[in-house]
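Here's the structure we're looking at; comments come further down.
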Amino acid sequence: MQTIEKLNRQELLDRVRQLSGKGARLISITGVDTGQWLELIYVFEDELEMVAFKTEVEREGFFPSIDHFYPGAWLAENEIQDLFGLKFDGLGVDFGAYMLLSHDSPKRPFIKEVRVRGAMKSDES
0 MQTIEKLNRQ ELLDRVRQLS GKGARLISIT GVDTGQWLEL IYVFEDELEM
50 VAFKTEVERE GFFPSIDHFY PGAWLAENEI QDLFGLKFDG LGVDFGAYML
100 LSHDSPKRPF IKEVRVRGAM KSDES
C-alpha cells in the first residue's frame, strides 16, 4: 500500500462499486475522530495489492452503507456506529448503536473529549 487516497463521498462509493465488480476483498473499515470530522478509512485487497481510501464525514452525520457491495461490511459499520455515533444509511443488519454497547454504556465513547474548566466536555460543543 503506497498511500491512502483522499476521496469525497461519491468518489469513494464509485471506487467501492468498481472494486466490488472486480472481485477485490474488503479488509477493513476504520473510524478516526480528527476533532473536527470523522475520517473513514477503507482498505481493500485488489489483485494482491493493498488499496486504501479515506473520506471525511460530519461527526454526527450519515454515510451510505457499503454492505450491498460487501455483505460483511455490516460488522465494521455497526462498530463505527457504536463507538463514534456515525449512522450508516441502508445498513442491512443495524444494531442501532447497541452491537458492542449496552443501553447504559457511555454513548459514542471514541469521540474526542476536551477539558473545559476542569470538567470533561465533548469538543463539538
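Going by numbering that gives the first Met the number 0, the first residue of the sequence shown is number 0, and it counts up by one from there. Glycine residues also receive a C-beta, built at the ideal position from the N, C-alpha and C atoms.
Delimiting residues of the alpha helix (DSSP H) encompassing residue i
{"i": "A72", "result": "72-83"}
Reduced DSSP secondary structure (H/G/I, E/B, other) of residue i
{"i": "S27", "result": "strand"}
{"i": "K21", "result": "helix"}
{"i": "D13", "result": "helix"}
Cβ-based neighbour list, residue i, same chain, cut-off 6 angstroms, excluding 5 preceding and 5 following
{"i": "I79", "result": "G30, L85"}
{"i": "L11", "result": "F52, T54"}
Bounding residues of the beta strand (DSSP E) (the contiguous stretch that carries residue i)
{"i": "Y110", "result": "A small fix is needed here, since residue 110 is Ile in this sequence, not Tyr. Looking at the DSSP string, I110 is not in any beta strand (DSSP E), and its letter there is neither H nor E."}
{"i": "D88", "result": "86-88"}
Close-in-space but distant-in-sequence residues of the same chain around residue i (CB under 7 angstroms, 5 per side omitted)
{"i": "W73", "result": "D66, L90, G91, V92"}
8 angstroms CB neighbourhood of residue i in its chain, flanking five on each side removed
{"i": "I26", "result": "V42, F43, E44, M49"}
{"i": "R8", "result": "T54, V56, F62, P63"}
{"i": "L6", "result": "R14, F52, K53, T54"}
Neighbour flag for residue i against chain C, beta carbons, 9 angstroms
{"i": "G89", "result": "The structure shown contains no chain C, having only a single protein chain."}
Q) Along the chain, which unbroken stretches of the alpha helix (DSSP H) at least 4 residues long are found entirely within the stretch 34-67? A) none
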